[in-house]
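In this note's numbering, the protein residues as written are 1 to 70.
The beta-carbon is built from N, C-alpha and C at its ideal position, and this holds for glycine as well.
Bear in mind the structure is a predicted one, so any value in this text is a computation, not a measurement.
The next block holds one structure in the form of C-alpha coordinates; read it before the comments.
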Amino acid sequence: MTVVRVADLRAAGVGPCERTLRWCERNGMDWHDFARNGIDAERLRHISDGRTLIDLAIAAAERREARDGQ
(Lines of atoms letter the chains of each structure in order from A; the text may use other names.)
(Lines give C-alpha, C1' and ligand atoms only; values in the text may rest on other atoms or scores of the structure.)
Protein backbone atom coordinates (compact mmCIF):
# COMPACT_ATOMS: atom_id res chain seq x y z
CA MET A 1 0.00 0.00 0.00
CA THR A 2 1.45 3.35 -1.04
CA VAL A 3 0.96 6.17 1.45
CA VAL A 4 1.21 9.75 0.21
CA ARG A 5 2.79 12.09 2.75
CA VAL A 6 3.25 15.87 2.92
CA ALA A 7 6.85 15.40 1.72
CA ASP A 8 5.44 13.81 -1.44
CA LEU A 9 3.30 16.89 -2.04
CA ARG A 10 6.41 19.03 -1.75
CA ALA A 11 8.26 16.74 -4.17
CA ALA A 12 5.35 17.21 -6.60
CA GLY A 13 5.72 20.99 -6.33
CA VAL A 14 2.81 21.57 -3.97
CA GLY A 15 3.54 23.01 -0.57
CA PRO A 16 1.21 22.56 2.34
CA CYS A 17 -0.74 25.79 2.31
CA GLU A 18 -4.23 27.19 2.73
CA ARG A 19 -5.13 26.04 -0.79
CA THR A 20 -4.12 22.45 0.05
CA LEU A 21 -6.16 22.58 3.24
CA ARG A 22 -9.25 23.72 1.29
CA TRP A 23 -8.66 21.01 -1.34
CA CYS A 24 -8.65 18.38 1.42
CA GLU A 25 -11.88 19.77 2.85
CA ARG A 26 -13.56 19.79 -0.58
CA ASN A 27 -12.63 16.16 -1.05
CA GLY A 28 -13.66 14.89 2.39
CA MET A 29 -10.20 14.54 3.90
CA ASP A 30 -8.96 15.68 7.30
CA TRP A 31 -5.87 17.79 6.58
CA HIS A 32 -4.43 17.30 10.07
CA ASP A 33 -4.76 13.51 9.84
CA PHE A 34 -3.19 13.61 6.38
CA ALA A 35 -0.30 15.76 7.67
CA ARG A 36 0.31 13.38 10.59
CA ASN A 37 -0.28 10.00 8.97
CA GLY A 38 -0.39 10.41 5.21
CA ILE A 39 -3.18 9.07 3.05
CA ASP A 40 -3.58 5.88 1.08
CA ALA A 41 -2.81 6.49 -2.61
CA GLU A 42 -5.82 4.38 -3.58
CA ARG A 43 -8.12 6.88 -1.92
CA LEU A 44 -6.51 9.70 -3.87
CA ARG A 45 -6.81 7.83 -7.16
CA HIS A 46 -10.60 8.18 -6.93
CA ILE A 47 -10.50 11.99 -6.77
CA SER A 48 -10.76 13.93 -10.02
CA ASP A 49 -10.14 17.39 -8.51
CA GLY A 50 -6.46 18.26 -9.08
CA ARG A 51 -5.77 15.03 -10.93
CA THR A 52 -2.33 16.03 -12.28
CA LEU A 53 -1.01 17.01 -8.86
CA ILE A 54 -2.44 13.85 -7.32
CA ASP A 55 -0.64 11.75 -9.93
CA LEU A 56 2.62 13.63 -9.28
CA ALA A 57 2.29 13.17 -5.50
CA ILE A 58 1.53 9.45 -5.87
CA ALA A 59 4.54 9.04 -8.17
CA ALA A 60 6.72 10.85 -5.61
CA ALA A 61 5.42 8.54 -2.86
CA GLU A 62 6.14 5.45 -4.95
CA ARG A 63 9.70 6.68 -5.64
CA ARG A 64 10.23 7.41 -1.93
CA GLU A 65 8.95 3.99 -0.90
CA ALA A 66 11.10 2.24 -3.52
CA ARG A 67 14.17 4.21 -2.39
CA ASP A 68 13.48 3.48 1.29
CA GLY A 69 12.65 -0.17 0.65
CA GLN A 70 9.09 0.01 1.92
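Quick one: what does DSSP say VAL6 is sitting in, helix, strand or coil? Helix.
Collapsed DSSP secondary structure at ASP49 in the structure displayed: In the structure shown, ASP49 sits in coil (DSSP, three-state: anything other than H, G, I, E or B).
Let's see if you can read the secondary structure: which residues bound the alpha helix (DSSP H) around ASP33? That run of the alpha helix (DSSP H) goes 31–37.
Proximal residues to TRP31 (C-beta, below 6 Å), its chain only, five neighbours per side dropped: Excluding residues within five positions, the ones whose Cβ falls inside 6 Å are LEU21 and CYS24.
Using DSSP bridges, identify the partner residues of ASP40. Residue pairing for ASP40: DSSP places it in a beta bridge opposite VAL3.
For VAL4, which residues of its own chain have a beta-carbon under 7 Å away from its beta-carbon, when the five flanking residues on both sides are left out? GLY38, ILE39, ALA41, LEU44, ALA57, ILE58 and ALA61, listed in sequence order.
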